[in-house]
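Chains as they are written, first to last, in the numbering used here: chain Y, 1 to 305; chain L, 306 to 610. Think of the CB as a built atom: it goes at the ideal place given N, C-alpha and C, for glycine as much as any other residue. Each remark here refers to the structure printed beneath this line.
Number of protein chains: 2
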Amino acid sequence: MTGAGAVGVDVGGSKVVAVLVDDSGVVGDRANRVTPERTTRPRVVEDVIVEAVRALVSRHDVQAVGVGAAGFVDRSQQRVMFAPHLSWRDEPLAGRLSQRLGHPVLVDNDANAALWAEHRFGAARRAGNAVMITLGTGIGGALLVDGAIYRGLNGMAGEFGHMQVVPGGRPCECGGTGCWEQYCSGKALARFAREAGSELAGPDLTNAAQAGDPVASGAFDEVGRWLGVGVGNVIAALDPELVVIGGGVSAAGELLLDPARSSLSETLVGRRFREMPALVAAELGPLAGAIGAADLARRAATGAR
Amino acid sequence: MTGAGAVGVDVGGSKVVAVLVDDSGVVGDRANRVTPERTTRPRVVEDVIVEAVRALVSRHDVQAVGVGAAGFVDRSQQRVMFAPHLSWRDEPLAGRLSQRLGHPVLVDNDANAALWAEHRFGAARRAGNAVMITLGTGIGGALLVDGAIYRGLNGMAGEFGHMQVVPGGRPCECGGTGCWEQYCSGKALARFAREAGSELAGPDLTNAAQAGDPVASGAFDEVGRWLGVGVGNVIAALDPELVVIGGGVSAAGELLLDPARSSLSETLVGRRFREMPALVAAELGPLAGAIGAADLARRAATGAR
């Protein structure tokens, strides 16, 4: 045994990352595995998670295990109702993993877990009411209300990416049209760049924009403008203290936040009568989801709120 | 003295209505006054409120006074920051009224007050997490979280009507464009009817639609469809147990809710994986705001939560 803490697992589209997290949010160790194809049986994905967690359990004193996944997780934090890049459908993941690992296990939506981590240890430390928007391939979202993650009736609160921003707009994987994530996400960024003649995507696009490439910068401008529109909608509804922007695309920092703040300051309802909430980049980087899942699991297991 | 309770005042665009409300939400007496023109000095509006309240105070044992107004009220429920149809700008209304009336006074946004009334005595009695949309000239909105009105940083949470649903769409009084209330409100309803050749508006339009007039029904269909779109956005963000539709336009009932439910069931994210929240008409009618304001004031004055 070289350390103690909770294990947080981030189940992403390409990687399964397990980390050991102490109660100050510090990551002590990690184990990576490759995510099985989305066509793989649920049990195989489970095997990969168990393997990654066991690697850490064999080396440390583990109290509890939290799993963050991009998908709909029920409000009891036990079942994954649907995960777009995995084969889970109404999967009792927490129960199964708990049985196999012999530890208490909790599952959460990855954006909920990331916001919890930012609230405990990062950009939302001082906020009781905050919103998180994670810009990856799509949009993830989460709400903090009075210092707790707000889950809603089905555990599906915070699906901001599927608010319609363009009537009859681009078809979305969710079955709707004109969803915000079709205009404001890594996928949208690459599309805007492609439409302007660039072949770049992901971090390459960020690097090019930071180096001053006009096509790449233009794509960030466009996504940033849509970020402002959608954040304006979220603020109109929720009037939070703070909006935290995370996910891979947020690595572009001000390239993205500048146009967002500018479109927000032009359109937000009641802007002359309100204190504007801060719009800031996440602080914890790509491990936020795993750190938050670990902390949520530790608190649930130890009875902390 | 013929009764006891709290007084609730609804300050509308045309009428100031004060009611005496007992702790079961029953209205025992009322006093109506005409709302002064929006150009009138704030003090004159205050005089009218004081007059209406005094009419009730002279006849009953009054514990506290609550005022509901269409506008931005600060989160301490003391000041009206802005009211579109009145001259108040950062007006310390609660303090002034309290001084003149000699009773504790609290101010709230009218949709917050209406949702509170529906939660205590009406359609949201059994819900802890609910959303209210009031369709009047514009859209009012409010959120109930864990059995309490959620106010946000500035007391401006629930301004759903100013979420953008059409990029570059119709200009809105708020300074934005394409706001939801431009497509889903009494004003939008009359416009849709006018564009289809009808001169009717307000209750006349509702009556015509209920009598089967195709132009009037078409206008309700259109507004109902936009209601579904916007409610879908609110549900994606908040996943509430219940959505209550109130305000004058909601008198049309199923004429409005039917098309809304149908557009909602076609587009709501994760509809195959979620329990759909009920979409229902408010139960308390036009006095909901005054009843809720009275109950909020009574509870604040007596220390009830």
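Name the two residues that bound the continuous alpha helix (DSSP H) containing residue i.
i, result
"T607 (chain L)", "593 to 607"
"D563 (chain L)", "559 to 572"
"N207 (chain Y)", "202 to 210"
"E222 (chain Y)", "214 to 238"
"R120 (chain Y)", "110 to 121"
"L56 (chain Y)", "42 to 57"
"R95 (chain Y)", "Residue identity differs from the one stated: residue 95 (chain Y) is Gly in this sequence, not Arg. Unbroken alpha helix (DSSP H) run through G95 (chain Y): 93 to 101."
Would you kindly check if the distance between the Cβ of residue j and the Cβ of residue i is under 7 Å?
i, j, result
"G594 (chain L)", "A418 (chain L)", "yes"
"D334 (chain L)", "L361 (chain L)", "yes"
"Q77 (chain Y)", "D110 (chain Y)", "no"
"V7 (chain Y)", "V65 (chain Y)", "yes"
"H390 (chain L)", "R343 (chain L)", "yes"
"A447 (chain L)", "G433 (chain L)", "no"
"V410 (chain L)", "L402 (chain L)", "yes"
"V369 (chain Y)", "V234 (chain Y)", "Lying before the first or after the last residue shown, residue 369 (chain Y) is absent from chain Y, which here runs from 1 to 305."
"P341 (chain L)", "W393 (chain L)", "no"
"G232 (chain Y)", "T267 (chain Y)", "yes"
"G552 (chain L)", "L398 (chain L)", "no"
"A542 (chain L)", "A237 (chain Y)", "yes"
"G3 (chain Y)", "H60 (chain Y)", "yes"
Under 6 Å Cβ to Cβ from residue i, same chain only, skipping five residues before and after it: list those, please.
i, result
"T137 (chain Y)", "G186, K187"
"F377 (chain L)", "M386, F387, M461"
"H424 (chain L)", "L449"
"F121 (chain Y)", "G25"
"S198 (chain Y)", "V215"
"A368 (chain L)", "In the sequence under discussion, the amino acid at residue 368 (chain L) is Gln, which differs from the Ala named in the question. Hits under 6 Å: A311, R603, A606."
"A260 (chain Y)", "G224, L227, G228"
"L256 (chain Y)", "F220, G224"
"A31 (chain Y)", "A18, A52, A55, L56"
"A516 (chain L)", "none"
Short of 8 Å in beta carbon distance, which residues of its chain neighbour residue i, apart from the five on each side in sequence? Order them along the chain.
i, result
"C172 (chain Y)", "H162, G178, C179, E181, Q182"
"L101 (chain Y)", "V50, V53, R54, V57, V65"
"A124 (chain Y)", "L115, E118, A130, M132, L144, L242, V244"
"R577 (chain L)", "none"
"A196 (chain Y)", "V215, G218, A219"
The beta strand (DSSP E) that contains residue i, what's its start and end?
i, result
"M486 (chain L)", "The residue asked about is misnamed: residue 486 (chain L) is Glu in this sequence, not Met. Neither: E486 (chain L) is in no beta strand (DSSP E) and is coded neither H nor E."
"Q63 (chain Y)", "61 to 69"
"V19 (chain Y)", "15 to 21"
"M468 (chain L)", "Note, M468 (chain L): premise wrong, no beta strand (DSSP E); not H, not E."
"M386 (chain L)", "385 to 387"
Just list the residues that DSSP pairs residue i with in beta bridges.
i, result
"L440 (chain L)", "L:I444"
"L547 (chain L)", "L:A435, L:A583"
"D10 (chain Y)", "Y:V17, Y:G68"
"V554 (chain L)", "V554 (chain L) is not bridged to any residue."
"D334 (chain L)", "L:L325"
"L144 (chain Y)", "Y:A130, Y:I149"
"R394 (chain L)", "L:F387"
"A4 (chain Y)", "Y:D61"
"T177 (chain Y)", "Y:P171"
"L411 (chain L)", "L:G371"
With a CB to CB cut of under 7 Å and the five nearest residues on each side skipped, what residues in its chain are close to residue i?
i, result
"I444 (chain L)", "I438, F465, G466, W485, E486, C489, S490"
"G168 (chain Y)", "T177, G178"
"L200 (chain Y)", "A193, A208, A216"
"D258 (chain Y)", "G224"
"S568 (chain L)", "R530, G533, V534"
"L281 (chain L)", "Because chain L here runs from 306 to 610, residue 281 (chain L) falls outside it and cannot be looked at."
"T40 (chain Y)", "S87"
**Study point:** contact_flag[the segment 280 to 287 of chain Y, the segment 46 to 59 of chain Y] where n(CB pairs < 8 Å) is 3 or more
**Key:** no
**Study point:** Cβ pair count under 8 Å reaching 3, the segment 452 to 465 of chain L against the segment 236 to 245 of chain Y
**Key:** yes
Review point. Are the segment 551 to 565 of chain L and the segment 519 to 530 of chain L in contact at 8 Å, needing three or more beta carbon pairs?
Key: yes
Check your understanding: Is the segment 313 to 325 of chain L close to the segment 293 to 300 of chain Y, with three or more CB pairs under 8 Å?
Key -> no
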